[in-house]
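According to mature numbering (1 follows the signal peptide of the UniProt record, and there is no 0), the residues represented by the sequence shown are -21 to -1, 1 to 101, in order.
Just so it is clear, CB atoms sit at the ideal spot from N, CA and C, and this is done for glycine as well.
In this text the structure is predicted, and so the values were computed from the model without any measurement.
Encoded as structure tokens, the structure appears first; notes follow it.
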Amino acid sequence: MRPITFLVATTIVALILSTTGASFDRWEQIKNLKDEHIKEIAEFAVQYNNLIYIRSLQLLKVQKGKIQQVAGKNYLLIVAAVTPEEGHMVHLYETLVHESISNAKELILFRPFRGSTPTIKN
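Below, the structure written as structure tokens:
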């Protein structure tokens, strides 16, 4: 794409987003944490982490979540999970998953959660 065509296209997109009230690149609270797609994202994070670290975490629920519209979407989730080897003790994890426009998922972050709010803020 030629630079001038790209500039015109991005300007049009920016105008559409500004007039429709859509927020791009800002973190927003996820209103329905029980949504099937949110559960799917959380399950992907837990299962992928299990694959990498040879663990057997099991997702219980999504505790908190934020979403960011980028080229695709970023999901910042606080998830509760249990480990059968530890007597089903519940642990909280902070996870960041990027989902591309083509719905491909990438686990960016998965770590124990230590706090009361997600580390990425608006």
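> Going by DSSP, what residues sit across from K40 in a beta bridge?
Replying inline: Taking the first residue of the sequence shown as 1, we reach residue 40 at position 61. Answer is A59.
> Rounded to a whole number of angstroms, what is the C-alpha to C-alpha distance between G94 and L75?
Replying inline: Within the sequence shown, numbered from 1, the residue matching residue 94 stands at position 115. Within the sequence shown, numbered from 1, the residue matching residue 75 stands at position 96. Their Cα atoms are separated by approximately 16 Å.
>> Let me confirm a value: Y32 is counted as buried when at least 16 other C-beta atoms fall within 10 Å, else exposed. Which label applies?
In response: To locate residue 32, count along the sequence shown from 1; it is residue 53. When all chains shown are included, Y32 counts as exposed.
>> Mapping the DSSP letters down to three states, classify N53 as helix, strand or coil.
In response: Numbered from its first residue, the sequence shown carries residue 53 at position 74. Here N53 sits in strand by DSSP.
> In this structure, does DSSP put G(-1) in helix, strand or coil?
Replying inline: Mapped onto the sequence shown, residue -1 falls at position 21. Only weak support exists for where G(-1) lies, its pLDDT of 44 falling under 50; the coordinates are left without a value.
> Where does H16 sit, in a helix, a strand or coil, going by DSSP?
Replying inline: As a working note, residue 16 is residue 37 in the sequence shown. DSSP places H16 within a helical segment (H, G or I) once states are collapsed to three.
>> Going by beta-carbon coordinates alone, are V58 and M68 separated by less than 8 Å?
In response: Residue numbering aside, residue 58 sits at position 79 when the sequence shown is read from its first letter. Residue numbering aside, residue 68 sits at position 89 when the sequence shown is read from its first letter. It is not a contact, given that the beta carbons lie outside the stated cut-off.
> Among all the DSSP beta bridges, which residues are the ones paired with K45?
Replying inline: In the sequence shown, the residue the question calls residue 45 occupies position 66. Answer is Q8 and L55.
> Mapping DSSP to helix, strand and coil, what is F89?
Replying inline: For the purposes of this step, residue 89 is taken as the residue at position 110 of the sequence shown. Looking at F89 - three-state DSSP - the assignment turns out to be strand.
>> If contacts are defined as beta-carbon pairs under 8 Å, then Y54 and G66 qualify, I think. What distance do you get, rounded to the angstrom?
In response: Taking the first residue of the sequence shown as position 1, residue 54 is located at position 75. Taking the first residue of the sequence shown as position 1, residue 66 is located at position 87. Between G66 and Y54 the Cβ distance is about 29 Å, and since that is not below 8 Å, they are no contact.
>> Taking the straight line between their C-alpha atoms, what separation do you get for R90 and E78?
In response: By one-based count along the sequence shown, residue 90 stands at place 111. By one-based count along the sequence shown, residue 78 stands at place 99. Their backbone Cα atoms lie some 19 Å apart in a straight line.
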